[in-house]
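Asker: The structure is given below, and queries will be raised subsequently.
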Amino acid sequence: MSGDHSHNEDQIDCGSRVNDSHKHKDKYKEKEHKHKDHKKDKEREKSKHGNSDYKDFSEKKHKEKEKMKHKDGSTDKYKDKHKEKRKEDKMRSLDGKIKKEKENGFASPQHFKSEPENDFYHSPKHDKSLKRERDDDNDSEFKSKKIKTENEKKPKKRKQDEDMKSKKTKKLKGEVTDGKKKAKKEPEEKWKWWEEERYTDGVKWKFLEHKGPVFAPPYEPLPSHVKFYYDGKQMKLSPEAEEVATFFAKMLDHEYTTKDIFRKNFFKDWRKEMTGEEKAIITDLKKCNFNEMSEYFKAQSEARKAMTKEDKLKIKEENERVLQEYGFCIMDNHKERIANFRIEPPGLFRGRGDHPKMGMLKRRIRPQDIIVNCSKDSKHPEPPPGTKWKEVRHDNKVTWLVSWTENIQGSIKYIMLNPSSRIKGEKDWQKYETARRLKKCVDRIRNQYREDWKSKEMRIRQRAVALYFIDKLALRAGNEKEEGETADTVGCCSLRVEHINLHPESDGQEYVVEFDFLGKDSIRYYNKVPVEKRVFKNLQLFMENKEPDDDLFDRLNTSILNKHLQELMDGLTAKVFRTYNASITLQQQLKELTNSEDNIPAKILSYNRANRAVAILCNHQRAPPKTFEKSMQNLQAKIDAKRDQLSDAKRELKSAKADAKVRKDEKSKKSVETKKKAVQRIEEQLMKLEVQATDREENKQIALGTSKLNYLDPRISVAWCKKWGIPVEKIYNKTQREKFAWAIDMADDDFEF
DNA sequence: ACGATTACTTAGGAAAAACTAA
DNA sequence: TTAGTTTTTCCTAAGTAATCGT
Numbered sequence: 006m007s008g009d010h011s012h013n014e015d016q017i018d019c020g021s022r023v024n025d026s027h028k029h030k031d032k033y034k035e036k037e038h039k040h041k042d043h044k045k046d047k048e049r050e051k052s053k054h055g056n057s058d059y060k061d062f063s064e065k066k067h068k069e070k071e072k073m074k075h076k077d078g079s080t081d082k083y084k085d086k087h088k089e090k091r092k093e094d095k096m097r098s099l100d101g102k103i104k105k106e107k108e109n110g111f112a113s114p115q116h117f118k119s120e121p122e123n124d125f126y127h128s129p130k131h132d133k134s135l136k137r138e139r140d141d142d143n144d145s146e147f148k149s150k151k152i153k154t155e156n157e158k159k160p161k162k163r164k165q166d167e168d169m170k171s172k173k174t175k176k177l178k179g180e181v182t183d184g185k186k187k188a189k190k191e192p193e194e195k196w197k198w199w200e201e202e203r204y205t206d207g208v209k210w211k212f213l214e215h216k217g218p219v220f221a222p223p224y225e226p227l228p229s230h231v232k233f234y235y236d237g238k239q240m241k242l243s244p245e246a247e248e249v250a251t252f253f254a255k256m257l258d259h260e261y262t263t264k265d266i267f268r269k270n271f272f273k274d275w276r277k278e279m280t281g282e283e284k285a286i287i288t289d290l291k292k293c294n295f296n297e298m299s300e301y302f303k304a305q306s307e308a309r310k311a312m313t314k315e316d317k318l319k320i321k322e323e324n325e326r327v328l329q330e331y332g333f334c335i336m337d338n339h340k341e342r343i344a345n346f347r348i349e350p351p352g353l354f355r356g357r358g359d360h361p362k363m364g365m366l367k368r369r370i371r372p373q374d375i376i377v378n379c380s381k382d383s384k385h386p387e388p389p390p391g392t393k394w395k396e397v398r399h400d401n402k403v404t405w406l407v408s409w410t411e412n413i414q415g416s417i418k419y420i421m422l423n424p425s426s427r428i429k430g431e432k433d434w435q436k437y438e439t440a441r442r443l444k445k446c447v448d449r450i451r452n453q454y455r456e457d458w459k460s461k462e463m464r465i466r467q468r469a470v471a472l473y474f475i476d477k478l479a480l481r482a483g484n485e486k487e488e489g490e491t492a493d494t495v496g497c498c499s500l501r502v503e504h505i506n507l508h509p510e511s512d513g514q515e516y517v518v519e520f521d522f523l524g525k526d527s528i529r530y531y532n533k534v535p536v537e538k539r540v541f542k543n544l545q546l547f548m549e550n551k552e553p554d555d556d557l558f559d560r561l562n563t564s565i566l567n568k569h570l571q572e573l574m575d576g577l578t579a580k581v582f583r584t585y586n587a588s589i590t591l592q593q594q595l596k597e598l599t600n601s602e603d604n605i606p607a608k609i610l611s612y613n614r615a616n617r618a619v620a621i622l623c624n625h626q627r628a629p630p631k632t633f634e635k636s637m638q639n640l641q642a643k644i645d646a647k648r649d650q651l652s653d654a655k656r657e658l659k660s661a662k663a664d665a666k667v668r669k670d671e672k673s674k675k676s677v678e679t680k681k682k683a684v685q686r687i688e689e690q691l692m693k694l695e696v697q698a699t700d701r702e703e704n705k706q707i708a709l710g711t712s713k714l715n716y717l718d719p720r721i722s723v724a725w726c727k728k729w730g731i732p733v734e735k736i737y738n739k740t741q742r743e744k745f746a747w748a749i750d751m752a753d754d755d756f757e758f
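If you're matching positions, the first sequence starts at 6 in the numbering used here and goes up one per residue.
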């Protein structure tokens, strides 16, 4: 990269923004800014620092170099660690490569560069689509179909087919056993979509038929004995106002009904539903008494719990009927499960964290709000009698069946397919393949961004430091969001100065960055990490002359970053790093933690610990379960009891041994054996309990589910199970096995991510 | 080239179901 | 059987990123 040239670009870049930015300049100078508008702030920052960039850098660079000469040694510790990690990765990917070439050729796209890919993405349609349409259902007999992975290579075909056959045989066995359990229920065997070709160029399906959504049940007015009081006086509400009142009444026990914003938003929206008279009377929420309503609903839920078995069964059957009718669609000759076929019922919006819209009324969705998507030649879903759909369209470039616009944020909601469906599964698989491609070039990218830390251009340095965080700390990209519309949360690119603290030295480590911010779902991210000196110096530079609520990376946003990433690798975006780092961490931790001598429960503990390492990396937290302490105590009690039992058993064994020594008869010998077995069994049970306790304790505030479901290449887990003879059911429950059927079917014990 | 819109993935908590101990 | 606990499923909010439209 030629310095002078880019420098010029930077200046041009700055210049071109002057027009925009000078608007804000005055505001900035006067320092009366409220920092309400961060976009504006960015512009302002630009104009302010704009032309002085270069100077800043050359000065800084000098200082840096000087210091680096002797300071470098002191950062060695960290750097070395880092280097080692890199080396490991490199080595792994090397021997991975060797194996892989033979291994699941069809699953792991060999290609690095553009050439095969171009072929895949840009080739004219061929006639794949036709194929797809016809030939399913009887695919239990082998068709030597190759899978179209995102970057498949032609020479692989042969191997693929062979591979597939062996896998298939295995899988078939599994299914037989499965079938026994379910007996009649599943006549058609599972469709292996992953053995078929994929659509190209954005077509998602050729045929789509479904029954439309299930609407929320209509409002049932309260029985007349359940009364509402305003200012101590009983008051009969109109059905519309009453319905909204019940939403509030149902939440009375929740803390947020005490929150000001919640109450304010609720009351405002409630009044909109009132009649003129009601509006005139009900002017103060504090004077509203919802207690009878609240009690009524509590009683209702009690009654529901206390229902007879038959009644419960009836409800269950009805649910099942609805599921059968509305829960499936036909997509390209296959019946597939729909994820959320029920329309969200009306209620009070509760966003997460400190949400400015909490308490607003989420309105009821009606047929005329609904857009239906299906194929032209399908039997279109019927709107309920006397109603009409907003629109019926036939867009096979999208995957949704139904959509509507929600009234709180004005965003679109969709009904889509279940994760076990082809359309979701293919995408998921593809996601991991992209991450695996990143694995192949991550070293190059890392070297690149480290170089960029030295760039003359502010925007490049910022980009490089942000990318470093995304890579090292698995931060989210951090799109900008409209202020005041949502809770104030950030990701990497939207970090503000106030979210980090720089410690030249902390706890004996140098160049420590302390992060403290709210991320997605208002989950706190707190972390203190030593960074490389250059990063540290850059951060100091980025923070210079900024207010706490100014953007840390004022020259960067996710679109700039992703554009850059796209140039580094096809299909690369910020979130791929999270997937990659999560999966590679799991693989490496499994390698490190699994003990071949361990029994199954201990191995599973190792698995959970590896999983936990990932969850911690990705900051997947949960509120400690309310019953955590108690449940821990219970478990401990169990352990104690088991210990007693064990010592009893041991004592008995001892005396049996003594007895046998004296008597030397068959009977007593046999008794020794039995006792020995008993001791062994109890020891095993004890150890199982202890493992469970450890696992639970370590998991107190960590949520494993999210990473398991969304970040960890399931083939890593499947391979691990196969390698150690662990039943995959121990790792994945039924739903998860359905979602990951492709991986369970295709991964061998030597799969390498 | 941008802001807005759209499509789709990721997320934690609540509710329901399944399991277990009493 | 019941009551309590744990696991699974449901729910839908909140992200990311691609695409649209100007």
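We treat Cβ as the ideally placed atom computed from N, Cα and C, and that holds for glycine.
Cβ atoms of Thr584 and Lys445: under 8 Å apart, would you say?
Answerer: Contact flag unset, no.
Asker: Taking just the CA atoms, how far does Asp653 sit from Lys647?
Answerer: In a straight line, the C-alpha of Lys647 is about 10 Å away from that of Asp653.
Asker: Within a Cβ cutoff of 6 Å, which residues of the same chain sit near Leu500, ignoring the five residues on either side of it in sequence?
Answerer: Closer than 6 Å at Cβ, skipping near neighbours: Leu557.
Asker: Starting from the N-terminal side, write out each stretch of the alpha helix (DSSP H) that is 4 residues or longer and does not extend beyond the segment 285 to 349.
Answerer: Taking only runs of at least 4 residues, the alpha helix (DSSP H) segments lying wholly in the segment 285 to 349 are 296 to 310, 314 to 331.
Asker: Apart from the five residues just before and just after Gln741, which ones in its own chain have a Cβ nearer than 6 Å to its Cβ?
Answerer: No residues qualify anywhere along the chain.
Asker: The beta strand (DSSP E) with Lys418 in it runs from where to where?
Answerer: 417 to 420 is the extent of the beta strand (DSSP E) around Lys418.
Asker: Report yes if the CB atom of Pro629 is closer than 8 Å to the CB atom of Lys705, and no otherwise.
Answerer: The answer is yes: Cβ separation under 8 Å.
Asker: Compute every distance between the C-beta of Arg326 and the non-hydrogen atoms of the ligand SAM, then say whether any falls below 7 Å.
Answerer: The ligand SAM is not part of this structure, which contains no ligands at all.
Asker: So for Tyr516, helix, strand or coil by DSSP?
Answerer: Note: Tyr516 maps to strand in three-state DSSP.
Asker: In terms of alpha-carbon separation, which member of Thr251, Phe295, Asp265 lies closest to Tyr235?
Answerer: The candidate whose alpha carbon is nearest that of Tyr235 is Phe295.
Asker: Rounded to whole angstroms, what's the CA-CA distance from Arg701 to Met637? Just pull it up for me.
Answerer: Spanning the two alpha carbons is a distance of roughly 8 Å.
Asker: CB Ile707 to CB Gln650, shorter than 8 Å?
Answerer: No; because the gap between Cβ atoms is not below 8 Å, this pair is not in contact.
Asker: Given a cut-off of 8 Å, decide if Thr563 and Trp729 are closer than it, judged by their beta-carbon atoms.
Answerer: The answer is no: Cβ separation not under 8 Å.
Asker: Have a look at Lys643, Lys739, Gln592, Lys238 and flag the residue whose alpha-carbon is nearest the alpha-carbon of Ile286.
Answerer: The shortest Cα separation from Ile286 among Lys643, Lys739, Gln592, Lys238 belongs to Lys238.
Asker: So which of His399, Glu634, Asn639, Glu602 has the shortest CA-CA distance to Lys381?
Answerer: Closest by alpha carbon: His399.
Asker: State buried or exposed for Glu64, treating a residue as buried only when at least 16 other CB atoms are found within 10 Å of its CB.
Answerer: Confidence at Glu64 is low in this model, with a pLDDT of 35, below 50, so its placement is unreliable and the value that follows should be read with caution. Exposed: under 16 other Cβ atoms inside 10 Å.
Asker: Taking DSSP as the reference, what is the three-state secondary structure of Asp522?
Answerer: A quick correction: the sequence has Phe, not Asp, at residue 522. Strand.
Asker: Nearest to Arg539 by CA position, among Thr590, Phe547, Asn532, is which residue?
Answerer: Ranking the options by Cα distance to Arg539, first place goes to Phe547.
Asker: Taking all protein chains shown into account, do 16 or more other C-beta atoms lie within 10 angstroms of the C-beta of Ile370, making it buried, or fewer, making it exposed?
Answerer: Its Cβ being crowded by 16 or more others within 10 Å, Ile370 is buried.
Asker: Using 10 angstroms around the beta-carbon of Tyr612, count the other beta-carbons present and answer buried if the total reaches 16, otherwise exposed.
Answerer: Label assigned to Tyr612: buried.
Asker: Output the boundary residues of the beta strand (DSSP E) element that contains Met279.
Answerer: Looking at the DSSP string, Met279 is not in any beta strand (DSSP E), and its letter there is neither H nor E.
Asker: Give a yes or no on whether the C-beta atoms belonging to Ile343 and Gly358 are separated by under 8 Å.
Answerer: No, the pair does not count as a contact, with Cβ atoms beyond the cut-off.
Asker: Cα separation between Met574 and Ser416?
Answerer: Their backbone Cα atoms lie some 31 Å apart in a straight line.
Asker: Any contact of the segment 671 to 684 with the segment 708 to 719, i.e. 3+ C-beta pairs under 8 Å?
Answerer: Result no; under three Cβ-Cβ pairs closer than 8 Å.
Asker: For Ile320, does the count of other Cβ atoms within 10 angstroms reach 16, so buried, or fall short, so exposed?
Answerer: By the neighbour-count rule (16 or more Cβ atoms within 10 Å), Ile320 is not buried but exposed.
Asker: To which residues of the same chain is Val495 closer than 6 Å at the C-beta, ignoring the five residues directly before and after it?
Answerer: These residues qualify, in order along the chain: Gly483, Phe522.
Asker: For Glu248, count the other beta carbons within 10 Å of its own beta carbon; 16 or more makes it buried, fewer makes it exposed. Which is it?
Answerer: It counts as buried.
Asker: Taking C-beta to C-beta, are Leu561 and Cys498 nearer than 8 Å?
Answerer: Yes; because the gap between Cβ atoms is below 8 Å, this pair is in contact.
Asker: Mapping the DSSP letters down to three states, classify Pro244 as helix, strand or coil.
Answerer: Of the three classes helix, strand and coil, the one that applies to Pro244 here is helix, per DSSP.
Asker: Going by DSSP, which residues form a beta bridge with Val377?
Answerer: Val397, Val407.
Asker: Of the choices Val534, Glu297, Asn604, Val377, whose alpha-carbon is the least far from that of Leu478?
Answerer: The candidate whose alpha carbon is nearest that of Leu478 is Val534.
Asker: Which residue from Trp210, Ile749, Lys655 puts its Cα closest to that of Ile428?
Answerer: If we check each option's Cα against that of Ile428, Trp210 comes out closest.
Asker: When DSSP labels each residue in this structure, what does Lys659 get in the three-state scheme?
Answerer: If DSSP states are grouped into helix, strand and coil, Lys659 belongs with the helices.
Asker: Would you say Val684 and Leu658 are within 8 Å of each other, going by their C-beta atoms?
Answerer: Yes. Within cutoff.
Asker: Which residue's Cα is closest to the Cα of Glu734: Ile605, Arg617, Ala698?
Answerer: For the residues Ile605, Arg617, Ala698, the minimum Cα distance to Glu734 belongs to Ile605.
Asker: Thinking Arg347 and Pro222 are a contact (beta carbons under 8 Å), I'd like their distance in whole angstroms, please.
Answerer: Their Cβ separation, rounded to whole angstroms, is 10 Å, which puts Arg347 and Pro222 out of contact at 8 Å.
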